[in-house]
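To start, the structure itself, in structure tokens.
2 protein chains.
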Amino acid sequence: MEARRTRAKPGDGARLREEILRNAERLLVETGSEDALTLRAVAQRTRVTTPSVYLHFSGKEALIEAVCLRVWDELGNRIREAVSRITDPLIALGECGRAYVHFALDHPVQYRLLLMRPSASAEASRTCFEHMVNAVTACVESGVLKGNPDTVALTMWTAVHGCAALLITQPALPWPDDVNEIIDATVRTVGFGAVLNTHLPRRRVPRGTELLDGVTIAAERLKALGSRKK
Amino acid sequence: MEARRTRAKPGDGARLREEILRNAERLLVETGSEDALTLRAVAQRTRVTTPSVYLHFSGKEALIEAVCLRVWDELGNRIREAVSRITDPLIALGECGRAYVHFALDHPVQYRLLLMRPSASAEASRTCFEHMVNAVTACVESGVLKGNPDTVALTMWTAVHGCAALLITQPALPWPDDVNEIIDATVRTVGFGAVLNTHLPRRRVPRGTELLDGVTIAAERLKALGSRKK
DNA sequence: CCGTCAACTTGACGACGTCAACATAGCGGC
DNA sequence: GCCGCTATGTTGACGTCGTCAAGTTGACGG
Chain A
1 MEARRTRAKP GDGARLREEI LRNAERLLVE TGSEDALTLR AVAQRTRVTT PSVYLHFSGK
61 EALIEAVCLR VWDELGNRIR EAVSRITDPL IALGECGRAY VHFALDHPVQ YRLLLMRPSA
121 SAEASRTCFE HMVNAVTACV ESGVLKGNPD TVALTMWTAV HGCAALLITQ PALPWPDDVN
181 EIIDATVRTV GFGAVLNTHL PRRRVPRGTE LLDGVTIAAE RLKALGSRKK
Chain B
1 MEARRTRAKP GDGARLREEI LRNAERLLVE TGSEDALTLR AVAQRTRVTT PSVYLHFSGK
61 EALIEAVCLR VWDELGNRIR EAVSRITDPL IALGECGRAY VHFALDHPVQ YRLLLMRPSA
121 SAEASRTCFE HMVNAVTACV ESGVLKGNPD TVALTMWTAV HGCAALLITQ PALPWPDDVN
181 EIIDATVRTV GFGAVLNTHL PRRRVPRGTE LLDGVTIAAE RLKALGSRKK
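In structure tokens:
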């Protein structure tokens, strides 16, 4: 074949691994389809023969898994970064959700790899999930939320994931012109629901001042969770 | 090969089409993986050679699309059936969401085909979406909800889809022992959020009796949307 | 300078989707 | 009763995919 690359010196063969990973993700986003993520295509772009990929990855699934690991890391950083700028824990939680959806919409193909593959690995998603749990835990510690942080974070994750996933896979639906409307509505609704569940008595319908007190708190928080770009 | 099937008479060659579709879905659920959905495997199970599939489907994608059409139909029926038993439009809307998630959890592999494929068709999903819009429209006509039915239905769909999708793809997450807890929480939260958005003034934080009035209505509806199995 | 070991390549296998060409059953018309 | 036409399949092949066993090549240590 043409224009072969210079062989790596003994000891830093791992450089090829990085290059393969980089080219795999580039190929993914350039073609816009995960079907184009072929061992042969990745190898060719790296100017290496196909079986060379097996020197660093046990197979295609392992390669994809490694790509996913990087993306999970990126997503985790984006969330942590979004949260770190905010002091109020509930607003930070909302920004966490917003950052999540925006990252998904900015990297639709990668996001599909992460959470829509037949067997998406549970291990890698845990780290990212922890960031959400941390944001929730901060809310619980500040008293604005109660309940099991895992459960609250899960509810929130399902909401933002559904928002991102449907936006990606079903672009032809009658979405509003500005997707931020849907994102804001999702974040606000789930946030408000969580706050309400915290400040309202459960298992029965509260009435009168009892209701008013709880909802007043929730409603004030609701404002904070609203669209930031207004 | 062994035990070939008897050739169909002219005119009812379409019988093979049905048989192929049936075997394709059976193969899908039996193996539990869409990777096993191979033209060759489907053909073998139908006791037909592989290219015979091309008599009724233009290719593999068309076959999958046809399988999806059937599943969308099933899902639509399940939703319509769930809604038809209920008179109160808001409770019916909640049951719509619940039926949706339960169908997804009962048919995880098919659900993946419907909404997690690289290019899930928009056409087929529209019909099912209309059912949700109808349920929302009933709420709007009865006055319990306001706003654009499309948008409200979309918000609800994102929520229940996220719930179903994450439950399917990430079973290792710390879900509560009873998944109905999450489903109920999702339905209740999104329903309550929709009702609240209807009965509360927007774009500012309502206070006092204004807040109380709106939330009282919402809270009563909240009870109706709660877990039905209590 | 030579062996040895890491870093690749060569060549092949089976499975997959797809297509052009061929075969055959049954019905209508003469 | 036979002919031929069309619907209904089958045969064989091509190119691509993931994967693997075996061979090759380059640099470094002794």
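Top line first, the protein sequences correspond to chains A and B.
Residue 184 in the UniProt record's numbering is what sits at position 184 of the first sequence, and the numbering runs on without skipping anything.
Residue 89 in the UniProt record's numbering is what sits at position 89 of the second sequence, and the numbering runs on without skipping anything.
Each residue gets a CB set at the ideal place from its N, CA and C atoms; glycine is no exception.
For clarity, every value in this text was computed on a predicted model and none was experimentally measured.
- Using a C-beta cut-off of 8 angstroms, the region 125-140 of chain A makes contact with the region 150-157 of chain A, since at least three inter-stretch Cβ pairs fall below that distance.
- Within the same chain, Cβ atoms closer than 7 angstroms to the Cβ of A:Arg-15 are found at Ala-8, the five residues on either side in sequence being excluded.
- Check the Cα spacing between A:Glu-123 and each of A:Gly-94, A:Ala-99, A:Trp-175, A:Leu-69: the tightest is with A:Leu-69.
- No residue range can be given for A:Pro-171, since it is assigned to no alpha helix (DSSP H) and is classified by DSSP as neither H nor E.
- Under the DSSP assignment, A:Ile-183 falls in the alpha helix (DSSP H) whose first and last residues are 179-199.
- Counting the other CB atoms within 10 Å of its CB gives B:Gly-76 a total of 16 or more, which places it among the buried residues.
- When Cβ-Cβ separations below 7 angstroms define contact, B:Met-116 makes contact with chain A.
- Under a criterion of Cβ atoms nearer than 9 angstroms, the residues of chain B adjacent to A:Phe-129 are, in order, Gln-170, Leu-173, Pro-174.
- Under the criterion of beta carbons closer than 8 angstroms, B:Glu-34 and B:Arg-112 qualify as touching, at roughly 6 angstroms.
- Rounded to whole angstroms, the Cβ separation of A:Ile-20 and A:His-56 is 6 angstroms, and the two are in contact under 8 angstroms.
- At a cut-off of 7 angstroms between C-beta atoms, B:Thr-50 does not count as an interface residue with respect to chain A.
- Pairing B:Asp-73 with A:Ile-168, the inter-Cα distance amounts to about 22 angstroms.
- Nearest Cα to A:Asp-106 within the set A:Phe-192, A:Asp-12, A:Val-53, A:Gly-32: A:Gly-32.
- Contact with chain A is absent for B:Ala-36, since none of that chain's Cβ atoms lies less than 7 angstroms from the residue's Cβ.
- A residue is called buried when at least 16 other Cβ atoms come within 10 angstroms of its Cβ; A:Ser-58 does not meet this threshold and is exposed.
- Within chain B, the C-beta atoms nearer than 7 angstroms to that of A:Trp-157 come from Leu-166, in chain order.
- For B:Phe-192, the chain A residues whose Cβ falls inside 9 angstroms of its Cβ are Thr-189, Phe-192, Gly-193, Leu-196, in order along the chain.
- Between A:Gly-191 and A:Gly-94, the CB-CB gap stays under 7 angstroms.
- Interface criterion not met: the Cβ of B:Gly-32 is under 7 angstroms from no Cβ in chain A.
- The beta-carbon separation of B:Gly-147 and B:Asn-197, rounded to 7 angstroms, stays under the 8 angstroms limit for a contact.
- Within the UniProt domain "HTH tetR-type" (14-75) of chain A, complete alpha helix (DSSP H) segments of at least 4 residues are found at 14-31, 39-45, given in chain order.
- When only Cα atoms are considered, A:Leu-145 and B:Val-187 end up about 20 angstroms apart.
- Close partners of A:Cys-68 in chain B (Cβ separation under 7 angstroms) are lacking, with about 12 angstroms as the shortest Cβ gap.
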